[in-house]
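Here's the structure, in structure tokens; my notes come after.
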Amino acid sequence: MVRRRISEAQRWQIIGMRSSGLSYKAIGRQMGYHYTVVSRLVRKHIQTNNVKDLPRSGRPLVTSQCEDRALQRLIRQIPFVTSPVLKREWLPYRQLSTRTLRNRLKSAGLKSRRVIRRPMLTDRHQQLRLAWCLACSGRRVQAAEPPVQNLRQLEAALHREWRQIPQQKIRRLTGGMRRRVEACIQSRGGFTRY
Numbered sequence: 001m002v003r004r005r006i007s008e009a010q011r012w013q014i015i016g017m018r019s020s021g022l023s024y025k026a027i028g029r030q031m032g033y034h035y036t037v038v039s040r041l042v043r044k045h046i047q048t049n050n051v052k053d054l055p056r057s058g059r060p061l062v063t064s065q066c067e068d069r070a071l072q073r074l075i076r077q078i079p080f081v082t083s084p085v086l087k088r089e090w091l092p093y094r095q096l097s098t099r100t101l102r103n104r105l106k107s108a109g110l111k112s113r114r115v116i117r118r119p120m121l122t123d124r125h126q127q128l129r130l131a132w133c134l135a136c137s138g139r140r141v142q143a144a145e146p147p148v149q150n151l152r153q154l155e156a157a158l159h160r161e162w163r164q165i166p167q168q169k170i171r172r173l174t175g176g177m178r179r180r181v182e183a184c185i186q187s188r189g190g191f192t193r194y
């Protein structure tokens, strides 16, 4: 026989029928449940003053607290290891699933991370990137002759540099902003081609 779940509204309806004086069997016939189900529900309401399901203890854990602490120590020693490798290192003599291991880590408040694969940069790439960054980083204001000595001079130097940026470059940068934003959203903040 399949167990049917009784909704909370039906449970309160049963309690109301019982408080109006109906018998367990009469309530069971009207609601379509066995009278023992009705009697247990009424007894639970009398004891707890509620009709919701009580919390259950759940299935017993396969690992002990000592083993869980050993896992936490192990993950702090080698943090960038995958769960199958960690399982072999943690309890090699026990048959445990990687899902159990991940559950133990989650219950300890440790979260998994995915390693981001970044493209390899050669020395030449790094030199070119550095040269580009230095050229575009606005060092012209710092290297101004005579050197900037106060806030007013800095503001004037920045305004001069802004006026020297060609309008075509400004239009190209602002025109491509929508594509950049869409690409950033699509990659969820990851790498983009811009």
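Numbered per full-length UniProt numbering, the sequence shown spans residues 1 to 194.
The C-beta atom is built at its ideal place from N, Cα and C for all residues, glycine as well.
None of these values were measured; they are calculated from a predicted model.
Under 8 Å, with one C-beta from each stretch per pair, do the stretch 96 to 114 and the stretch 70 to 84 reach the 3-pair mark?
By the C-beta criterion, the stretch 96 to 114 is judged to be in contact with the stretch 70 to 84, since at least 3 inter-stretch pairs fall below 8 Å.
Which residue's Cα is closest to the Cα of Val-38: Gln-186, Arg-163, Ala-183 and Met-17?
On the sequence shown, position 38 is the one that residue 38 refers to. Considering only alpha carbons, the answer is Met-17.
Rounded C-alpha distance that separates Gly-21 from Leu-41
Indexing the sequence shown from 1 puts residue 21 at position 21. Indexing the sequence shown from 1 puts residue 41 at position 41. If you take the alpha carbons of Gly-21 and Leu-41, they lie about 15 Å apart.
Same chain, Cβ closer than 6 Å to residue 195, neighbours up to 5 away in sequence not counted:
Here the chain covers residues 1 to 194 and nothing more, so residue 195 does not appear.
Exposed or buried, what is Arg-104 when buried is set at 16 or more other beta-carbons lying within 10 Å of its beta-carbon?
Stepping through the sequence shown from its first residue, residue 104 is reached at position 104. Answer is buried; the Cβ neighbour count reaches 16.
For Arg-94, which option in Arg-59, Gln-167, Val-81 and Glu-67 has the closest C-alpha, if you only look at C-alpha atoms?
Within the sequence shown, the letter at position 94 stands for residue 94. Restricting attention to Arg-59, Gln-167, Val-81 and Glu-67, the CA atom closest to the CA of Arg-94 is found in Glu-67.
Beta-carbon separation of Ile-46 and Met-31 under 8 Å?
As a first step, residue 46 must be located in the sequence shown, where it is residue number 46. As a first step, residue 31 must be located in the sequence shown, where it is residue number 31. For Ile-46 and Met-31, no; Cβs fall outside 8 Å.
Taking 8 Å as the threshold (C-beta atoms), are Val-62 and Leu-101 in contact?
Against the sequence shown, residue 101 aligns to sequence position 101. Against the sequence shown, residue 62 aligns to sequence position 62. Cβ atoms of Leu-101 and Val-62: not closer than 8 Å.
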